[in-house]
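A.B. asks:
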Amino acid sequence: MASQRIGEIGSSESEPSSQHVPYGVLHGITTSTSSLMNQGSSFDFGELEEAIVLQGIKIRNDEGKASLFTSKPAATLEMFPSWPIRFQQTPRLGGSKSGGESTDSGSTELQFDTDSPISVKASSSDHQNRAFDQIQQQETATNDVLRTETSQNQSTAKSYQEKKKGASSTSEKTLDPKTLRRLAQNREAAKKSRLRKKAYVQQLETSRLRLANLEQDLQRARSQGLFMGCGGNTSPGKPGAAIFDMEYARWVEEDERQLVEVRNGLQGALTDNELRVIVEGYLCHYDELFQLKGVAVHSDVFHLINGIWTSPAERPFLWIGGFRPSDLITMLMQQLEPLAEQQMVGICELRHSSHQAEDALTQGHEQLQHSIVHTIAGGPVVDGVQQMVAAMAKISSLEGFVRQGDNLRQQSLHQLCRILTVRQAARCFLIIGEYYGRLRALSSLWTSRPRETLITDDNSCQATTELQMLQPSHSHFSSF
Amino acid sequence: MNQESVMHYQVDPWNYYMMRVRRRRMEEEDEMERVMRIVSESAVVIFSSSSCCMCHAMKSLFCGMGVNTMVHELDQDSKGKQMEKTLMRLLATNSTTLPVVFIGGKLVGSMDTLLAFHVNGSLVPLLKQAGALWL
Numbered sequence: 081m082a083s084q085r086i087g088e089i090g091s092s093e094s095e096p097s098s099q100h101v102p103y104g105v106l107h108g109i110t111t112s113t114s115s116l117m118n119q120g121s122s123f124d125f126g127e128l129e130e131a132i133v134l135q136g137i138k139i140r141n142d143e144g145k146a147s148l149f150t151s152k153p154a155a156t157l158e159m160f161p162s163w164p165i166r167f168q169q170t171p172r173l174g175g176s177k178s179g180g181e182s183t184d185s186g187s188t189e190l191q192f193d194t195d196s197p198i199s200v201k202a203s204s205s206d207h208q209n210r211a212f213d214q215i216q217q218q219e220t221a222t223n224d225v226l227r228t229e230t231s232q233n234q235s236t237a238k239s240y241q242e243k244k245k246g247a248s249s250t251s252e253k254t255l256d257p258k259t260l261r262r263l264a265q266n267r268e269a270a271k272k273s274r275l276r277k278k279a280y281v282q283q284l285e286t287s288r289l290r291l292a293n294l295e296q297d298l299q300r301a302r303s304q305g306l307f308m309g310c311g312g313n314t315s316p317g318k319p320g321a322a323i324f325d326m327e328y329a330r331w332v333e334e335d336e337r338q339l340v341e342v343r344n345g346l347q348g349a350l351t352d353n354e355l356r357v358i359v360e361g362y363l364c365h366y367d368e369l370f371q372l373k374g375v376a377v378h379s380d381v382f383h384l385i386n387g388i389w390t391s392p393a394e395r396p397f398l399w400i401g402g403f404r405p406s407d408l409i410t411m412l413m414q415q416l417e418p419l420a421e422q423q424m425v426g427i428c429e430l431r432h433s434s435h436q437a438e439d440a441l442t443q444g445h446e447q448l449q450h451s452i453v454h455t456i457a458g459g460p461v462v463d464g465v466q467q468m469v470a471a472m473a474k475i476s477s478l479e480g481f482v483r484q485g486d487n488l489r490q491q492s493l494h495q496l497c498r499i500l501t502v503r504q505a506a507r508c509f510l511i512i513g514e515y516y517g518r519l520r521a522l523s524s525l526w527t528s529r530p531r532e533t534l535i536t537d538d539n540s541c542q543a544t545t546e547l548q549m550l551q552p553s554h555s556h557f558s559s560f
Numbered sequence: 139m140n141q142e143s144v145m146h147y148q149v150d151p152w153n154y155y156m157m158r159v160r161r162r163r164m165e166e167e168d169e170m171e172r173v174m175r176i177v178s179e180s181a182v183v184i185f186s187s188s189s190c191c192m193c194h195a196m197k198s199l200f201c202g203m204g205v206n207t208m209v210h211e212l213d214q215d216s217k218g219k220q221m222e223k224t225l226m227r228l229l230a231t232n233s234t235t236l237p238v239v240f241i242g243g244k245l246v247g248s249m250d251t252l253l254a255f256h257v258n259g260s261l262v263p264l265l266k267q268a269g270a271l272w273l
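Protein chains in written order, with my numbering: chain A, 81 to 560; chain B, 139 to 273.
#1: Using a beta-carbon distance cut-off of less than 9 Å, what residues from the segment 175 to 207 of chain B approach chain A?
#2: My assumption, with CB atoms under 8 Å, is that B/I184 sits in contact with B/P237. Please give the rounded CB distance.
#3: Please list the partners that B/A270 has in chain A, where partner means a Cβ-to-Cβ separation under 9 Å.
#4: For the beta strand (DSSP E) containing B/S186, list its first residue and its last residue.
#5: Do A/V377 and A/R483 come within 8 Å of each other at the CB atom, strictly closer than that value?
#6: Within this structure, are the beta carbons of B/G243 and B/S186 separated by less than 8 Å?
#7: One question on the structure: do A/S434 and A/P405 come within less than 8 Å of each other, judged by their Cβ atoms?
#8: With a threshold of 8 Å between beta carbons, is B/N258 in contact with chain A?
#9: Can you find a C-beta in chain B that's less than 8 Å from the C-beta of A/L412?
#10: Output needed for A/F509: all residues of its chain with C-beta closer than 6 Å, excluding positions within five of it in sequence on either side, in chain order.
#11: Looking at the C-beta of B/N232, does it have a partner C-beta in chain A at a distance below 8 Å?
#12: Would you list, in sequence order, the uninterrupted beta strand (DSSP E) runs of no fewer than 3 residues that lie entirely inside the segment 490 to 541 of chain A?
#13: Just curious, the beta strand (DSSP E) that B/E211 is in, first and last residue?
#14: Comparing alpha-carbon positions, which option in A/R503, A/E514, A/R531, A/N386 lies nearest A/G348?
#15: Does B/F240 come out as helix, strand or coil in the three-state DSSP assignment?
#16: Within 10 angstroms of its Cβ, does B/L199 collect 16 or more other Cβ (buried), or is it exposed?
#17: What does A/S437 touch in chain B if you count any residue whose Cβ is under 8 Å from its own?
#18: Are the C-beta atoms of B/D213 and some chain A residue less than 8 Å apart?
#19: Just to confirm my understanding: we take B/E229, look at its own chain, exclude 5 residues before and 5 after, and list those with CB closer than 6 Å. What are they?
#20: Please classify A/A247: does DSSP put it in a helix, a strand, or coil?
#21: Name the residue from B/I241, B/H194, B/T207 whose alpha carbon lies nearest to the alpha carbon of A/T442.
#22: Can the beta-carbon of A/A437 be found closer than 8 Å to that of B/H210?
#23: Starting from A/F70 and walking both ways along the alpha helix (DSSP H), at which residues does that stretch end?
#24: What does the Cβ neighbour count give for B/R158, buried or exposed, with the cut at 16 atoms within 10 Å?
#25: Please report the distance separating the alpha-carbon of A/A269 from that of A/P319.
#26: Please confirm if B/M249 has its CB atom under 8 Å from at least one CB of chain A.
#27: If I follow the unbroken alpha helix (DSSP H) through B/K217, where does it start and stop?
#28: When DSSP labels each residue in this structure, what does A/A469 get in the three-state scheme?
#29: Does the contact criterion of 3 or more C-beta pairs under 8 Å hold for the segment 417 to 436 of chain A versus the segment 461 to 473 of chain A?
#30: Please state the DSSP three-state secondary structure of B/G204.
#31: How far does the alpha helix (DSSP H) with A/E421 in it reach, from first residue to last?
#32: Rank A/L294, A/W526, A/L408 by C-alpha distance to the C-alpha of A/L496 and give the top, closest one.
#33: Taking A/L448 as the reference, which of A/A440, A/S477, A/G458 has the closest Cα?
#34: Strictly under 8 Å for the Cβ-Cβ distance: is A/S379 near chain B by that measure?
Here is the structure:
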């Protein structure tokens with residue numbers, strides 16, 4: 081860019097009337113020097129020239145460009161040995177002059193930059209005017225030029241425009257190969273900086289979009305938390321529900337993945353040991369779910385109990401915040417028909433004991449509900465605060481019930497795996513996974529159903545057949 | 139004894155402190171003995187609280203299985219608080235743990251342990267062994 085500047089200045093010297101600037105630095109220098117020799121009045125331009133050249137050396141060396149010019153500037157330096165080096169004054173005077181300069185600013189920090197990394201059109205015309213006007217202010221003019229040249233931040237669009245203008249005037253000059261080469265290099269440099277700038281801008285745009293999305297998600301999660309918190313709580317109050325929903329969604333994805341693994345394991349000829357690994361993995365997967373629920377129960381028990389985190393079709397079957405173990409076992413018994421005698425006995429016992437436990441928990445839960453109703457309804461002598469304190473205590477007992485419910489579910493699954501062989505256990509998990517997958521598919525079908533048509537029996541059969549296309553077996557809906 | 143202890147305190151604080159500790163340990167042992175005495179009186183003993191719903195669930199579970207249990211309502215016992223503390227110490231936990239069940243004089247635990255035992259099929263043999271279940 082510096083060379084370009086030099087070129088421009090040079091051309092502006094030789095063609096004061098032209099608004100366009102050529103590319104050729106050397107050319108510019110030679111013309112300028114020749115014009116200097118010829119004109120003698122532009123003393124300041126000579127100094128300008130030298131300063132320009134020197135700055136050009138500095139810049140070019142900084143950029144690490146190959147220098148065709150390193151020799152040249154040396155030569156030009158020698159031409160004006162008596163004239164002092166000016167560029168260290170630039171920083172000091174930069175501030176004073178920037179106001180007067182053209183104010184195109186592609187770039188930012190330095191005041192040098194605001195002088196137009198390359199809105200040279202304006203600045204060059206400024207230079208022209210100033211050069212003629214300010215014989216006394218030659219230093220400042222020099223510094224202006226230096227500043228414009230030292231700015232390395234590329235407002236490449238302007239440079240491109242400027243170069244275009246420059247190109248037209250270049251054709252009028254004799255083009256020696258060095259000039260051409262320098263022109264080409266300038267062009268490449270400008271192109272590179274343009275591309276860099278474009279890439280940076282694109283990066284900024286994408287991160288801006290991402291930021292906007294993240295903020296949206298955050299807001300949505302917060303508002304979900306608010307909604308789940310029954311609207312009475314402040315916004316940081318119930319993020320537990322939203323967090324649990326997110327974690328549950330992740331768990332469901334993981335579940336689908338594990339299901340595929342189990343299916344492949346069963347269809348492929350895996351050894352029992354390999355299947356056992358898969359089965360145990362699935363069991364761990366369920367343990368993770370219960371752990372998640374354990375955490376969520378503590379932060380928001382009502383969210384777990386009302387079942388909004390499950391799909392709509394699962395909700396009618398919800399029992400204290402999850403599935404009912406005895407129902408699951410009943411379903412499995414039908415599917416796992418070829419069972420050995422003792423396994424049958426074991427499973428029946430399991431079903432029986434989990435049924436008893438469920439009944440006990442249900443009774444306790446009902447009693448809790450009655451007592452909560454009683455507490456909140458209050459009595460003639462119950463104090464408001466006391467009432468609330470008692471109600472809060474009941475809610476914590478509710479947590480205990482959900483925990484016991486999950487405990488029962490977890491224990492049932494583990495016991496099931498103990499009773500069955502590895503292959504049967506794998507089939508069990510496959511059946512459970514498919515069952516819930518179908519429930520979820522049913523939910524999404526139902527939520528996207530056309531509102532005008534009633535769901536007649538025919539339609540529901542259609543729905544089931546649609547689902548059957550997903551999975552082969554279809555005995556589940558009959559059993560429930 | 140009080141005067142003695144006061145004098146001891148004035149003269150020898152460490153001994154006085156040790157005496158206090160020893161007395162508390164003896165009390166705790168008394169409590170433990172009392173608990174052990176209670177649980178050995180019956181095949182199945184539940185320490186519960188009349189207002190606790192989980193205790194109600196545990197009682198219903200045993201009822202549903204046809205097991206007679208002896209229920210000790212700690213909120214109606216004069217020494218209930220101390221017994222609750224003893225039970226917490228037995229279960230090595232800091233939170234309130236009711237209900238707690240003992241079968242055949244041995245500690246089973248809280249509701250979750252009981253459910254786990256029931257589901258994995260070890261509760262019924264235990265009850266039979268303790269003589270609480272005949273079938």
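Just so it is clear, CB atoms sit at the ideal spot from N, CA and C, and this is done for glycine as well.
C.D. replies: So, from the data block:
#1: S189, C190, C191, M192, C193, H194, A195, M196, K197, S198, L199, F200, C201, G202, M203
#2: 5 Å
#3: Here the premise fails: no neighbours, minimum Cβ distance about 15 Å.
#4: 182 to 186
#5: yes
#6: no
#7: yes
#8: yes
#9: no
#10: V342, Y362
#11: no
#12: none
#13: 208 to 211
#14: A/R503
#15: strand
#16: buried
#17: Residue identity check: residue 437 of chain A is Ala in the sequence provided, not Ser. Under the 8 Å cutoff, chain B gives L199, L253, H256, V257.
#18: no
#19: One detail in the question is off: residue 229 of chain B reads as Leu in this sequence, not Glu. Counting only Cβ-Cβ distances below 6 Å, and skipping sequence neighbours, we find T235.
#20: Bear in mind that the predicted position of A/A247 carries a pLDDT of just 48, short of 50, making it unreliable; the figure below should be weighed with that in mind. Helix.
#21: B/H194
#22: no
#23: This structure cannot speak to residue 70 of chain A, because chain A is shown only from 81 to 560.
#24: exposed
#25: 53 Å
#26: yes
#27: Neither: B/K217 is in no alpha helix (DSSP H) and is coded neither H nor E.
#28: The residue asked about is misnamed: residue 469 of chain A is Val in this sequence, not Ala. Helix, per DSSP.
#29: no
#30: coil
#31: 421 to 457
#32: A/L408
#33: A/S477
#34: no
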